[in-house]
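These notes are about the structure you will find just below.
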Amino acid sequence: MATTVLGLIPSGRFPSPAETWSALVHVSGRGYGGGDLALHVYNSLRLVVMGFLFAIATGVPLGLLMGWSRRAEAFINPIFLIIRPIPPLAWIPLAILWLGLGDAAKIMVIWFSAFVPSVINTFAGVRNIDRPVLEAAYMLGMPKIRFVTEVLIPGASPMIFTGLRLSLQASWTTLVAAELVGAFYGIGRVLNVAQQDLYPGMILVGMVTVAILGWGTTRVLGLAEARALRWNTAALAAKG
Amino acid sequence: MNRQISLLQSIVLGFLGLACFLGFWQGMSMSGLVSNIFLPSPLEVYERFTTLIERRFAGATLPGHLAASFMRFAYGFLLAALIGIPLGLLMGWYQLLDEIVSPLFDALRFVAPIAWVPFAALWFGTGIGGPIMIIFAGAFPPCVINAYRGAKFVDPRLIEAANMLGTPSRRVIMEVLLPSSIPSIISGLRVSAGLGWQSLVGAELIVASAGVGYMMVQGQANIQTHTVMAGMVAIGLVGLALDSALRGVERVIQKRRGLEQ
Chain U
0 MATTVLGLIP SGRFPSPAET WSALVHVSGR GYGGGDLALH VYNSLRLVVM
50 GFLFAIATGV PLGLLMGWSR RAEAFINPIF LIIRPIPPLA WIPLAILWLG
100 LGDAAKIMVI WFSAFVPSVI NTFAGVRNID RPVLEAAYML GMPKIRFVTE
150 VLIPGASPMI FTGLRLSLQA SWTTLVAAEL VGAFYGIGRV LNVAQQDLYP
200 GMILVGMVTV AILGWGTTRV LGLAEARALR WNTAALAAKG
Chain W
0 MNRQISLLQS IVLGFLGLAC FLGFWQGMSM SGLVSNIFLP SPLEVYERFT
50 TLIERRFAGA TLPGHLAASF MRFAYGFLLA ALIGIPLGLL MGWYQLLDEI
100 VSPLFDALRF VAPIAWVPFA ALWFGTGIGG PIMIIFAGAF PPCVINAYRG
150 AKFVDPRLIE AANMLGTPSR RVIMEVLLPS SIPSIISGLR VSAGLGWQSL
200 VGAELIVASA GVGYMMVQGQ ANIQTHTVMA GMVAIGLVGL ALDSALRGVE
250 RVIQKRRGLE Q
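Residue numbers (numbering that gives the first Met the number 0), protein chains in the order written: chain U, 0 to 239; chain W, 0 to 260.
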C-alpha cells in the first residue's frame, strides 16, 4: 500500500498504512458509524448466517423435489426462468419498500440471492446420480423417506456443496450492497459512513473485514463439506 | 423417480406453474390482503412499464435510463476485457508474473465487487467513473481467470513446435496462445458480462444520478412499487439479452472449431 497512484487519484484519498492502522484502532475502540467493530461484525455475520441458513432450508428441498420428480420440474422451472435473470441486488429496493431498513429486508434479499444457486445445484446433483444406483434402490423397494435420506441426499451432496459455496458468496455480496443502501449497523454501514466522511483508511478497514469474513465463512463451509463427504474420496481428491 | 413425461405434459405443467404464480400474485394484490401500493398486480406493473417507456421518471424515460446504464456497462466491461485478457494470457505464459499476481488476486477475490463502491466514489466520483470502476471490479476476475486457464491448457506440443522453430515469444503469444484460448476466453466474457451487469445495478442503487438502478431507488423513495418492479423487469430483460448474445457468439466459435458437443 506504499504505492501512491500518481495524478490519477487526488492525493489524500488513498489510504496510507498509518492512517489505516489508526482507523482500525478508532473503530475497534471508540467505535464508528454507530458502534464498535465487534458490533458491526456481529450484525453482518448474523444476517448472512440467518439468510443463508434460511435459503438452504428452502432451496435444497426444492432442488431435491425438482430433481426427483419431472412433474415438479416442469411445473416450477418456468417460474424460475422468469425470476432468475433478475440480479439479487435488484431486489434491494423492493425489500426496503416492503420491510424497511431493518434486519428483515436484509434477510429477504440474502435469502433471494442464496436461494437460486442452492436450488439449481441441488437439482443438477440429483440428476447426476448414477442411474443404476437409483434403479437398485427402487428394485429393493426402499421406502420413500429412506430413499431421500440415504440415496438422493448423499448422491447429490457434492453438487449441493458447490451450490452452497456459491450461495455463501452471493450472500456476502448482497449483504454488503444492502447495508450500503441503508442500514443502522454492519460493515456496509461502516463503509457508507466512511465514504461520506472521506475517510480512506476506514474504507480499507471495512473492505478487509468483509474479505476476512467472506474467507472465514467459506473455510467453515469447506470444513463442513470435508466432514460430510468423508465417505466420498473422489470428491475430496478432486478438491485437492 | 425419473419417470419420463411427454413434451405436451411438460408444456401444460409449465403453463400451469406460470398461471399459478401470476394468478396468486394477481389474487393477492386484488384481494386487498396486501395494500396495492406495496403489491401492484402483474397487469399494473406491465402498464407502468409501458408508460415509463414514454414518460419521464427521475429525469429520463426508461429507455433513457437503460441507455445510461448500458453505456457505463459497456465501458467497464470493455476495460475489464482489454486489461484482463492480456493479463491472464501473460500470467499463463510467464511463470514469474503468475507467481507475483496470483496471491494478490486470490486475496482480492474475497472482496465483493460491491464493496469497492466507497473507494470508487471517492476516487472517480459518482457520475460515470465510479460506476465504471465497480463494473470493472465485477467483470475483471472472470476475464483474467479464463484467459489464464486457456493459456495454461494449450496443447504443449503446439508450444514446443513453435519454440523448436524459433518463434519469438511475442509471436507465440499472439499466434498460438491467443487463438487456442479463445473458447475459454469467450466463456469467461459471458460470466464477466453477467457479473458486470449485476454489479452495475448494485452501483447505481448506491451512487448514481441516472440509470435503471437510480430510477428504482427513486421509485422506492416515492413508494412507487410498480416503478421498482418495472425496473426489475427491465434489468432482467437486458441481462437475458446480453447473456444470449454472448452465448450465441460462444456457439458460433465452438462450431467453427468443431468443438460442438
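C-beta: ideal position from N, C-alpha, C; glycine also.
Within a Cβ cutoff of 7 Å, which residues of the same chain sit near Ala161 (chain W), ignoring the five residues on either side of it in sequence?
Locating residue 161 (chain W) in the second sequence gives position 162, counting from the first residue. Here the set comprises Val171 and Val175.
Do Ile185 (chain W) and Ile252 (chain W) come within 7 Å of each other at the CB atom, strictly closer than that value?
Working through the second sequence from its first residue, we reach residue 252 (chain W) at position 253. Working through the second sequence from its first residue, we reach residue 185 (chain W) at position 186. Yes.
How about Val44 (chain W) and Ala229 (chain W): do their beta carbons lie closer than 7 Å?
In the second sequence, the residue the question calls residue 44 (chain W) occupies position 45. In the second sequence, the residue the question calls residue 229 (chain W) occupies position 230. Taking 7 Å as the Cβ cut-off, Val44 (chain W) and Ala229 (chain W) qualify as a contacting pair.
Per DSSP, Tyr31 (chain U) forms a beta bridge with which residues?
As a position in the first sequence, residue 31 (chain U) is number 32, starting the count at 1. Paired residue(s): U:Gly34.
Once you ignore the five residues that flank Phe160 (chain U) on each side, which residues in its own chain have a CB closer than 6 Å to its CB?
Within the first sequence, numbered from 1, the residue matching residue 160 (chain U) stands at position 161. Result list for Phe160 (chain U): Glu224, in chain order.
Applying a beta-carbon distance threshold of less than 8 Å, which residues of chain W neighbour Pro92 (chain U)?
In the first sequence, counting from the first residue as 1, residue 92 (chain U) sits at position 93. The answer, in chain order, is Leu204, Met215, Val216, Gly218, Gln219, Val227 and Gly230.
Measure the alpha-carbon distance for Gly62 (chain U) versus Pro182 (chain W) and round it to whole angstroms.
As a first step, residue 62 (chain U) must be located in the first sequence, where it is residue number 63. As a first step, residue 182 (chain W) must be located in the second sequence, where it is residue number 183. Answer to the nearest angstrom: the Cα atoms are 30 Å apart.
Sequence ranges, alpha helix (DSSP H) only - wholly within the segment 114-155 of chain U, length at least 4:
130-138 and 143-146
With the cut-off set at 7 Å, would you say Thr121 (chain U) and Val219 (chain U) are in Cβ contact?
For the purposes of this step, residue 121 (chain U) is identified with residue 122 of the first sequence, where counting begins at 1. For the purposes of this step, residue 219 (chain U) is identified with residue 220 of the first sequence, where counting begins at 1. No.
Cβ separation of Gly187 (chain U) and Val175 (chain U), assumed to be a contact under 8 Å, to the nearest whole Å:
Taking the first residue of the first sequence as 1, we reach residue 187 (chain U) at position 188. Taking the first residue of the first sequence as 1, we reach residue 175 (chain U) at position 176. Confirmed, Cβ separation roughly 5 Å.
What does Phe109 (chain W) touch in chain U if you count any residue whose Cβ is under 7 Å from its own?
Counting from one through the second sequence, the residue named residue 109 (chain W) turns up at place 110. Per Cβ cutoff of 7 Å: Ala210, Gly213 and Trp214.
Suppose contacts are defined by Cβ-Cβ distances below 7 Å. Is Pro77 (chain U) in contact with Leu241 (chain W) by that definition?
Along the first sequence, read from residue 1 onward, the residue named residue 77 (chain U) stands at position 78. Along the second sequence, read from residue 1 onward, the residue named residue 241 (chain W) stands at position 242. Contact: no.
Name the two residues that bound the continuous alpha helix (DSSP H) containing Ile52 (chain W).
On the second sequence, residue 52 (chain W) is found 53 positions in, with the first residue counted as 1. First-last of the alpha helix (DSSP H) with Ile52 (chain W): Pro41 to Glu53.
Flag Ser34 (chain W) as yes if its beta-carbon sits less than 7 Å from any beta-carbon of chain U, otherwise no.
Within the second sequence, the letter at position 35 stands for residue 34 (chain W). No, no contact with chain U.
Extent of the continuous alpha helix (DSSP H) run through Thr224 (chain W):
Your numbering for residue 224 (chain W) matches position 225 in the second sequence. Thr224 to Arg255 is the extent of the alpha helix (DSSP H) around Thr224 (chain W).
Given that Asn120 (chain U) touches chain W, what residues does it touch there, using C-beta distances under 8 Å?
For the purposes of this step, residue 120 (chain U) is taken as residue 121 along the first sequence, with counting starting at 1. Going along chain W, no residue has its Cβ under 8 Å from Asn120 (chain U), so there is no contact; the nearest lies around 16 Å.
Return the residues of the segment 135-156 of chain W that lie within a Cβ-Cβ distance of less than 8 Å from chain U, sorted by chain order.
none
Taking Ile186 (chain U) as part of the alpha helix (DSSP H), name the residues at either end of that continuous run.
Within the first sequence, residue 186 (chain U) is the residue found at index 187, counting from 1. Start and end: Ile186 to Gln195.
Three or more beta-carbon pairs under 8 Å between the segment 198-214 of chain U and the segment 15-29 of chain U, yes or no?
yes
Is the separation between the beta-carbon of Ala138 (chain W) and that of Gly187 (chain W) shorter than 7 Å?
Position 139 of the second sequence, counted from the start, is the residue given in the question as residue 138 (chain W). Position 188 of the second sequence, counted from the start, is the residue given in the question as residue 187 (chain W). Taking 7 Å as the Cβ cut-off, Ala138 (chain W) and Gly187 (chain W) do not qualify as a contacting pair.
Starting from Trp97 (chain U), follow the alpha helix (DSSP H) in both directions and report where the run begins and ends.
For the purposes of this step, residue 97 (chain U) is taken as the residue at position 98 of the first sequence. Where Trp97 (chain U) is concerned, the enclosing alpha helix (DSSP H) stretches over Ile91 to Leu98.
Have a look at the DSSP bridge pairing and note the partners of Phe56 (chain W).
Residue mapping note: residue 56 (chain W) aligns to position 57 of the second sequence, counting from 1. In DSSP, Phe56 (chain W) forms a bridge with W:Ala59.
Cβ of Phe23 (chain W) within 7 Å of any chain U Cβ:
Within the second sequence, numbered from 1, the residue matching residue 23 (chain W) stands at position 24. Closer than 7 Å: no.
Straight-line CA distance for Val232 (chain W) to Ala207 (chain W)?
Start at 1 with the first residue of the second sequence, and residue 232 (chain W) comes out as number 233. Start at 1 with the first residue of the second sequence, and residue 207 (chain W) comes out as number 208. Near 20 Å, if we compare the C-alpha coordinates of Ala207 (chain W) and Val232 (chain W).
Alpha helix (DSSP H) containing Trp122 (chain W): first to last residue?
Here residue 122 (chain W) is taken as the residue at index 123 of the second sequence, counted from 1. Per DSSP, Trp122 (chain W) belongs to the alpha helix (DSSP H) from Val116 to Phe123.
If you follow the alpha helix (DSSP H) that Leu176 (chain W) is in, where does it begin and where does it stop?
Sequence index remark: in the second sequence, residue 176 (chain W) carries index 177 (1-based). Counting along the chain, Leu176 (chain W) falls outside any alpha helix (DSSP H), and DSSP gives it neither H nor E.
Assign Gly50 (chain U) to one of three DSSP states: helix, strand, or coil.
To locate residue 50 (chain U), count along the first sequence from 1; it is residue 51. It is helical.
Do Gly215 (chain U) and Arg42 (chain U) come within 7 Å of each other at the CB atom, strictly closer than that value?
Position 43 of the first sequence, counting from 1, holds the residue named residue 42 (chain U). Position 216 of the first sequence, counting from 1, holds the residue named residue 215 (chain U). For clarity, residue 42 (chain U) is Asn in the given sequence; the question names Arg instead. No. Outside cutoff.
Please name the residues in the segment 170-190 of chain U whose beta-carbon is closer than 7 Å to at least one beta-carbon of chain W, in chain order.
Trp171, Thr172, Val175, Ala176, Leu179, Val180 and Leu190
Phe13 (chain U) versus Phe79 (chain U): straight-line alpha-carbon distance, rounded
One-based indexing of the first sequence puts residue 13 (chain U) at position 14. One-based indexing of the first sequence puts residue 79 (chain U) at position 80. So the alpha carbons of these two residues sit roughly 43 Å apart.
Nearest-angstrom Cα distance between Leu179 (chain U) and Pro84 (chain U)?
As a first step, residue 179 (chain U) must be located in the first sequence, where it is residue number 180. As a first step, residue 84 (chain U) must be located in the first sequence, where it is residue number 85. So the alpha carbons of these two residues sit roughly 23 Å apart.
How long is the line joining the alpha carbons of Ala54 (chain U) and Ile106 (chain U), rounded to whole angstroms?
Along the first sequence, one-based indexing puts residue 54 (chain U) at 55. Along the first sequence, one-based indexing puts residue 106 (chain U) at 107. When rounded, the distance between both Cα atoms is 9 Å.
Is Leu154 (chain W) helix, strand or coil by DSSP?
For the purposes of this step, residue 154 (chain W) is taken as residue 155 along the second sequence, with counting starting at 1. Sequence inspection shows Asp at residue 154 (chain W); the Leu mentioned does not correspond to that position. It is coil, neither helix nor strand.
Leu197 (chain U) versus chain W: which residues are under 8 Å apart at the beta carbon?
The residue you call residue 197 (chain U) lines up with position 198 of the first sequence. Per Cβ cutoff of 8 Å: Leu121.
What residues in the segment 70-103 of chain U have a beta carbon less than 7 Å from any beta carbon of chain W?
Arg70, Ala73, Phe74, Ile75, Asn76, Pro77, Ile78, Pro84, Ile85, Pro86, Leu88, Ala89, Ile91, Pro92, Leu93, Ile95, Leu96 and Trp97
Pick out whichever of U:Leu139, U:Val26, U:Ser68 and U:Thr148 has its Cα sitting closest to the Cα of Ser9 (chain W).
Taking the second sequence and counting its residues from 1, one reaches residue 9 (chain W) at position 10. Checked all of U:Leu139, U:Val26, U:Ser68 and U:Thr148; the closest Cα to Ser9 (chain W) is U:Ser68.
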